[in-house]
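First the structure, in the form of structure tokens, and then the observations on it.
Chains as they are written, first to last, in the numbering used here: chain C, 1 to 267; chain Z, 1001 to 1288; chain G, 2001 to 2283.
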């Protein structure tokens, strides 16, 4: 029985709807996550799929405690992190990292690549920072002299790779990838995903991959969780999910994918 | 007779070439796809036709013939009138394409009233009809909404309605479903296809998604760094593309039916070969 | 594939060189005024009154830009007047920037209560008409260099606060800030290390703009004799006096006016020029 990295029980998260706040009294709350429960085992690559409004990004951010849940529990490696304060969370943070969707805004435009990758290393007191940065660049297949460049000098695919380098630099055990290839074209997408696959293997990472693209999830993830409007409608081994989708929404998602061939009966 | 013909269009920005001798033709009522990676120049072709190329980009050589008229022969005013009357755009990002401080109904009727000289009531009627055609329930209410009050899918439907409002003969659709999630994309693609059929409009469909091309287009062009690598019908393309780059592109596209096979990056040899083609072209045209 | 970036050639270097050049020359001249000035700026001599500038008949060697009704050398007075102008510009500009930008940054990044308090403060503050406010303050604090500096800082900090706050809010929404939070950085550290560098170009432009404004404010105040003690030459004071003898001795008014204009212009262009030159994103 492999060790569980994440244990999520009845996770709920609500946001205040400030657009409809009455003059007197608190703003009404919108519940985005409506009681989610699932486990992620060590070494697993889990896909989290859903349309816009499904809550998948919110779930991701709750898992790495960028947001605090309203109810329920999140256990990371056995430890309850649901309502931990920042001070207690800080030492844990090097163990779970995140890669972001937008290659434009996920890197500070006024810091060099070196500074961007080194920042979390400095924070957590790593030694030999220069070496570690270079190793990280090697692992994502970028030349070492990129460390002096600024983000705007790189392409979208290269920036995403820097984001990956930054995430793996602190030797985390879990990585959350939030729609990391949605803004890239197919060729860059393939490069980035292959890289991710290889790193998961080589570094023994556990990965949660959020995406709306089921085709990519089919390729990358062993397990898939399907979210619809803040609830888990199906969770299954990926191959089984495609072969025998049980929930109608899953079927709808699969049917909606335009395949690059002329046999698929569609429009 | 073809409705839109582009012959040997080139463009550059500073020293960088954006388009290299692009030629294409779109028949009346035909859907033609422009496919390529980001930076391939596919959006630029659409912008060149509509006259919305960024000022820093200079189009050289070549001609754009729209409904028999060579756009270069017209004065800027005439060009704007022809383009305004006969073409329309379905943009990529429904959020930024709409003015956030105006009600959406006004943004549809505007074009009809200000540019085509319709009366306000005629324009209102047409707008309501259109909203029905794009399957928006409760069109009277939606007309009065502001963009931020509507979902991404609704906004895109609205933009489609706006595009078809003046019954253009050619529509440039610039990656219209890239910002939408997959179930909404299916609805929108269906809708575009229906409207296009109904109005007999020719469509120049810019996309990087070969799956979308298979569902919507009848012919396509494959572009790489501004150069047309392949120009063929959709039938021929999906049975067996000619150019090795096209084949590699097809391989790289993830297909859930073939999980182990897809996601192979384009082999570097193919990219090198394509770049060599481009270098050869640049050298041959260095004197221009 | 790299994005297309329009390489529009613009005279970046020229703007920076000209404005920095003028300002450096001005600073040096005013610093070395005791050495460089042809005359004692306060020395009155009715025999040398209303001498024209050197290229007009009737001028005298020791008074290159002419003299005023009391026989005082225009050039020397401008040099000494420049001391006042520059001190006010540099000190008031910097202090205003520090106060306003800090508050703006805190409000924009931390949001919540700090933002509510600071924003309300800015709103209320900006409701006062600035010129009246300035005169009121001077009336209370008395005239003098310190009073002017205090007045400028007190009135103008809101300019920085508003703009910097807006920029900080914008940057705070970026993923690279979220990434720093995920990494575990403390909020204050994020504000300084991630947000500040991205807001700095704007601050830089505003700072030099503020310096130019400070020069104008001082000139206005000295024009109405509310600046430093009336002995010392000030550009505004010279302009005020020059008005009276504009028909007999136009140079007394015109030269300080030109200097004022060039100095304020240089300040505003300096900020833009520095931003163009040093902002890595624009390279």
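We treat Cβ as the ideally placed atom computed from N, Cα and C, and that holds for glycine.
What you are looking at is a predicted structure, and each value in this text was computed from that prediction instead of being measured.
Just to confirm the assignment, what range does the beta strand (DSSP E) spanning residue i have?
i	result
residue 47 of chain C	45 to 49
residue 1087 of chain Z	1087 to 1090
residue 1033 of chain Z	1031 to 1036
residue 1172 of chain Z	1170 to 1174
residue 1007 of chain Z	1002 to 1013
residue 35 of chain C	29 to 41
residue 7 of chain C	4 to 16
residue 1023 of chain Z	1016 to 1027
Report, in whole angstroms, the separation of the C-beta atoms of residue i and residue j, which I expect to be a contact under 8 angstroms.
i	j	result
residue 2167 of chain G	residue 2084 of chain G	Going by Cβ atoms, the distance from residue 2167 of chain G to residue 2084 of chain G rounds to 33 angstroms, so no, they are not a contact pair.
residue 1240 of chain Z	residue 1019 of chain Z	Contact doesn't hold; Cβ gap of about 27 angstroms is too wide.
residue 1252 of chain Z	residue 192 of chain C	Wrong, their Cβ atoms sit about 12 angstroms apart, outside the cutoff.
residue 2020 of chain G	residue 2079 of chain G	The Cβ separation is near 20 angstroms, so there is no contact.
residue 205 of chain C	residue 225 of chain C	That pair is no contact at about 18 angstroms.
residue 2278 of chain G	residue 2212 of chain G	Going by Cβ atoms, the distance from residue 2278 of chain G to residue 2212 of chain G rounds to 19 angstroms, so no, they are not a contact pair.
residue 2017 of chain G	residue 2262 of chain G	Not confirmed; about 15 angstroms, so no contact.
residue 274 of chain C	residue 112 of chain C	With chain C running from 1 to 267 in the structure shown, residue 274 of chain C is simply not present.
residue 279 of chain C	residue 45 of chain C	Since the first residue shown for chain C is 1 and the last is 267, residue 279 of chain C is missing from the structure and cannot be characterised.
residue 2050 of chain G	residue 2249 of chain G	5 angstroms
residue 9 of chain C	residue 37 of chain C	5 angstroms
residue 2015 of chain G	residue 2272 of chain G	7 angstroms
residue 254 of chain C	residue 214 of chain C	6 angstroms
Report the rounded CA-to-CA distance for residue i versus residue j, giving the unit in angstroms.
i	j	result
residue 2260 of chain G	residue 2146 of chain G	21 angstroms
residue 1284 of chain Z	residue 1008 of chain Z	15 angstroms
residue 1101 of chain Z	residue 1136 of chain Z	21 angstroms
residue 2042 of chain G	residue 2077 of chain G	8 angstroms
residue 130 of chain C	residue 120 of chain C	13 angstroms
residue 110 of chain C	residue 2197 of chain G	6 angstroms
residue 1032 of chain Z	residue 157 of chain C	28 angstroms
residue 177 of chain C	residue 101 of chain C	8 angstroms
residue 1206 of chain Z	residue 1213 of chain Z	9 angstroms
residue 1160 of chain Z	residue 1154 of chain Z	10 angstroms
residue 1035 of chain Z	residue 165 of chain C	31 angstroms
residue 2281 of chain G	residue 150 of chain C	8 angstroms
residue 1049 of chain Z	residue 1005 of chain Z	10 angstroms
residue 1143 of chain Z	residue 1103 of chain Z	7 angstroms
residue 2243 of chain G	residue 2135 of chain G	22 angstroms
residue 2097 of chain G	residue 2160 of chain G	6 angstroms
residue 7 of chain C	residue 1114 of chain Z	60 angstroms
residue 153 of chain C	residue 2053 of chain G	55 angstroms
residue 1180 of chain Z	residue 1157 of chain Z	11 angstroms
For chain G, find out if any of its Cβ atoms is closer than 9 angstroms to the Cβ of residue i; answer yes or no.
i	result
residue 101 of chain C	yes
residue 64 of chain C	yes
residue 1 of chain C	Its pLDDT being 45, under 50, residue 1 of chain C is placed unreliably in this model, and the value from its coordinates should be taken loosely. No, residue 1 of chain C lies away from the interface with chain G (no Cβ there is under 9 angstroms from its Cβ).
residue 50 of chain C	no
Tell me, please, whether the CB atom of residue i is closer than 9 angstroms to any CB atom in chain C?
i	result
residue 1266 of chain Z	yes
residue 1252 of chain Z	yes
residue 1104 of chain Z	no
residue 2040 of chain G	no
residue 1151 of chain Z	yes
residue 2114 of chain G	no
residue 1037 of chain Z	yes
residue 2172 of chain G	no
residue 2130 of chain G	no
residue 2108 of chain G	no
Would you verify that the beta carbon of residue i is, or is not, closer than 9 angstroms to some beta carbon of chain Z?
i	result
residue 237 of chain C	no
residue 160 of chain C	no
residue 20 of chain C	no
residue 10 of chain C	no
residue 186 of chain C	yes
residue 244 of chain C	no
residue 70 of chain C	no
Between which two residues does the alpha helix (DSSP H) holding residue i run?
i	result
residue 281 of chain C	Outside the displayed range of chain C (1 to 267) lies residue 281 of chain C, so it cannot be described from this structure.
residue 2043 of chain G	No alpha helix (DSSP H) contains residue 2043 of chain G, which DSSP labels as neither H nor E.
residue 1224 of chain Z	Premise fails: residue 1224 of chain Z lies in the beta strand (DSSP E), 1219 to 1224, not in any alpha helix (DSSP H).
I'd like to know if the stretch 69 to 88 of chain C and the stretch 2153 to 2169 of chain G are in contact, where contact means that at least 3 CB-CB pairs between them fall below 8 angstroms.
no
State whether the stretch 1123 to 1134 of chain Z contacts the stretch 1167 to 1175 of chain Z, with contact taken as three or more CB pairs (one from each stretch) at a distance under 8 angstroms. no
Just checking, does the stretch 1174 to 1190 of chain Z make contact with the stretch 1013 to 1027 of chain Z on the three C-beta pairs under 8 angstroms criterion? no
Practice problem: Mind the definition here: the stretch 88 to 100 of chain C touches the stretch 73 to 80 of chain C only if three or more C-beta pairs lie below 8 angstroms; say whether that holds. | Solution: yes
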